[in-house]
Amino acid sequence: MGDEASTSPAAAAALSAAAEAPAPATAEAATPQPPQPAATTPHETSSPAEGPWTREAAIARDREDLKDVIHAHHLKTFTEDFAKLVCHKTAYRRLMLHVQFSDNYPSDPLHVEVQSDTLPAKLVEKLQAMFREKLEKPADQDGLGVRGRPHVAAFYAYVDEMIHENKLLWATPEVRQTLALAKEIPDLTIAVNDEAGTLKLKATCGKYMMRAVVTVPDEYPASPLEVEMKKCSFPPTVHTVFLLQAREIARKCSIGVSVERAVQQSTTVVADRLIAPPQKPGTKRDVKMTSAHLKDIKHDVNFLKKANDLQEVNASYNKQLHMYLHSTQVRRAARRELRKLTKQEFEKERAREEAEAAVAEEEQLREWRRVTGQEDLGPQRCIRAVVEFLTRGFIFRLPKEKSLVSDKAVFPADPAKAQELINRRRKDRPTRVPSCGCWWIYSELKIFMETPPFPKPCPRPACNGAIVEHPEFENDPKKRELAYSKSQAVKREMQEVEDFLGM
Ligand SMILES: [Zn+2]
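Just so we're aligned, residue 1 is where the sequence shown starts under full-length UniProt numbering, counting upward by one.
Right, dumping it as structure tokens:
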């Protein structure tokens, strides 16, 4: 048996090999690549005094080496014939390895079987084939180069590193589908980075361009994709709508809403968030008094009392004495305290509203599942949907968007001109109807909104008769009707006067 101290543990070799960073893949490399082993591993340079290994000695050594690279609870079984090991990063990024020692181990490599509850079967098969090849081949042929020595720990470390480092491995089929988009759309490039877990989008449509990044978080799909707009030539008020909508699709999918429904619902949700504060859910229902409610009320009363006291300190002017009852310093401190208190209260209130909205949304989702008979499939994967929304649904759609009532383009060909129209509130500026997400030319929308019948559905068939409502117009049909008949009466009177004067 070789000198223990001079021999590098197999695991360390694999770890250092696996740490070799793979180059970021581009659209051409359709599959995220696992880490590549280094050209040589310390095994080939280790002391010739080590080995040859007998099967028993090798397995005993494996048992020892494993302790350095695996958490005890991930080592499920270890016998003279086989071992069951778990590589775990998150509930989704998790792989089971079943390794068997053949009669000729370690001259013959481990026989490995891969299992996963979260990966598609096809990908599991591919990984298994790849692992077997890695174990079989020497390092100079892109293998692990571990045959002839105990290699369970090295192999485990290699796979575990891959599970931890390659953030897109779990999304491989989705990433491939998404990259297919870049082949379908000529002016779109998608650069994939496995280690960062990002997809960088670059798109141009006429004079308009967009650069956005979609990041796949560790806990995806239970955590939503992160979406960022790096650069966009559309005015900020325009691209922010689409950015928020993309984030909303990702968020909805992460809580189990189907992709199709998430895309559909994101239109109005974003509108609400942009234009009006979210409606407090449950306000119309009977409020049951619970101890939690009483606590809330007590808290509110306390807050008001404290705020009132501070206000009094600040405004304590005595008209007879012509002076404040408190020094400038004390009053300034009171004002500061009041500001702090109000800010804290505002943040608490917002957190409370958000928590209530989340509960209401979950209830709504459960109700929808009950009514439609859809089962709960858990968080939904949506990389392709989000990328498709940002590209086909935004950057490649908007520059070509035609008016729904005339045939004019809603956006001018030049982004600078679009910016000017919106900034200067010109009458031919593009504007979005929040109720269905359609884009209009403002002057055309004005005519549409101010002529009967009231109310009118959106002319676009895909909007399924959604009533057109816009924050800059009167949306109450009765009030609109009244305004219209008044304007007609004025017109008639003017006409009569003109007729009378013979003009
Ligand atoms: Zn519409």
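By construction, the Cβ of each residue, glycine as well, lies at the ideal position given by its N, Cα and C atoms.
Keep in mind that this is a model prediction, so the values were computed, not measured.
{"Item": "Coil, strand or helix - Lys134 by DSSP", "Value": "helix"}
{"Item": "Secondary structure of Phe82, DSSP reduced to three states", "Value": "strand"}
{"Item": "Segment contact flag, the stretch 196–214 with the stretch 224–231, C-beta cutoff 8 Å, min 3 pairs", "Value": "yes"}
{"Item": "Residue range of the unbroken beta strand (DSSP E) whose run includes Arg352", "Value": "Looking at the DSSP string, Arg352 is not in any beta strand (DSSP E); the run it does join, the alpha helix (DSSP H), is 328–372."}
{"Item": "Complete runs of the beta strand (DSSP E) confined to the stretch 213–279 [at least 3 residues]", "Value": "226–232"}
{"Item": "Environment of Arg492 [buried if 16+ CB atoms lie within 10 Å]", "Value": "exposed"}
{"Item": "Contiguous beta strand (DSSP E) assignments of at least 3 residues, all confined to the stretch 81–112", "Value": "82–88, 94–100"}
{"Item": "Contacting residues, own chain, Cβ-Cβ under 8 Å from Leu310 (five flanking each side not counted)", "Value": "Ala334, Arg335, Glu337, Leu338, Leu341"}
{"Item": "Those residues which DSSP pairs with Cys205 across a bridge", "Value": "Tyr208"}
{"Item": "Extent of the continuous beta strand (DSSP E) run through Lys146", "Value": "Checking the displayed sequence, the identity of residue 146 turns out to be Val instead of Lys. Element bounds for Val146: n/a, residue is neither H nor E."}
{"Item": "Straight-line Cα distance separating Asp62 from Met1", "Value": "With a pLDDT of 38 at Met1, under the threshold of 50, the modelled position of this residue cannot be trusted; read the value that follows with caution. Those two C-alpha atoms are separated by around 14 Å."}
{"Item": "One or two residues paired with Gln192 in a DSSP bridge", "Value": "It should be pointed out that residue 192 corresponds to Val in this sequence rather than to Gln. Val192 is bridged to Leu199."}
{"Item": "Alpha-carbon spacing of Pro459 relative to Tyr220, whole angstroms", "Value": "38 Å"}
{"Item": "Contact set for Gln279: own chain, Cβ-Cβ below 6 Å, skip 5 residues either direction", "Value": "Any reading at Gln279 must be qualified, since the residue scores a pLDDT of 40, below 50, and its modelled position is unreliable; no value is offered."}
{"Item": "N-terminal and C-terminal residue of the alpha helix (DSSP H) that Arg480 is part of", "Value": "477–501"}
{"Item": "Same chain, Cβ closer than 6 Å to Ser327, five either side skipped, listed in chain order", "Value": "none"}
{"Item": "Residue span of the alpha helix (DSSP H) that contains Ile383, given as start and end", "Value": "383–390"}
{"Item": "Arg149 to Lys126 span [Cα, whole Å]", "Value": "25 Å"}
{"Item": "Reduced DSSP secondary structure (H/G/I, E/B, other) of Val114", "Value": "strand"}
{"Item": "Collapsed DSSP secondary structure at Tyr442 in the structure displayed", "Value": "helix"}
{"Item": "Contact the stretch 172–183 vs the stretch 136–144: 3+ CB pairs below 8 Å", "Value": "no"}
{"Item": "Buried or exposed by the 16-neighbour rule on C-beta atoms within 10 Å, applied to Thr372", "Value": "exposed"}
{"Item": "Same chain, Cβ closer than 6 Å to Val405, five either side skipped, listed in chain order", "Value": "Glu444"}
{"Item": "Local conformation of Ile395 per DSSP, three classes", "Value": "helix"}
{"Item": "Helix, strand or coil at Asn166 according to DSSP, with G and I counted as helix", "Value": "coil"}
{"Item": "For Leu119: DSSP bridge partner residues", "Value": "In DSSP, Leu119 forms no bridge with anything."}
{"Item": "Closest Cα partner of Thr237 within the set Arg425, Thr451, Lys446, Asp499", "Value": "Arg425"}
{"Item": "Nearest-residue set for ligand 1, Cβ under 5 Å from any heavy atom", "Value": "Cys436, Cys438, Cys458, Arg460, Cys463"}
{"Item": "When Glu353, Ala203, Lys408, Pro453 are compared against Ile395, the one with the closest alpha-carbon", "Value": "Ala203"}
{"Item": "Integer-rounded CB distance, given that Val410 should sit under 8 Å from Lys402", "Value": "7 Å"}
{"Item": "Nearest-angstrom Cα separation, counted from Ile383 out to Tyr484", "Value": "48 Å"}
{"Item": "Length of the line joining the Cα atoms of Asp103 and Val359", "Value": "58 Å"}
{"Item": "Three-way DSSP call (helix, strand, coil) for Lys427 in this model", "Value": "coil"}
{"Item": "Nearest candidate by alpha-carbon position, reference Phe131, set Glu420, Glu113, Arg147, Arg370", "Value": "Glu113"}
{"Item": "Straight-line gap, Pro32 to Thr267 (C-alpha atoms, nearest Å)", "Value": "With a pLDDT of 44 at Pro32, under the threshold of 50, the predicted position of this residue should be treated as unreliable, and no value is reported."}
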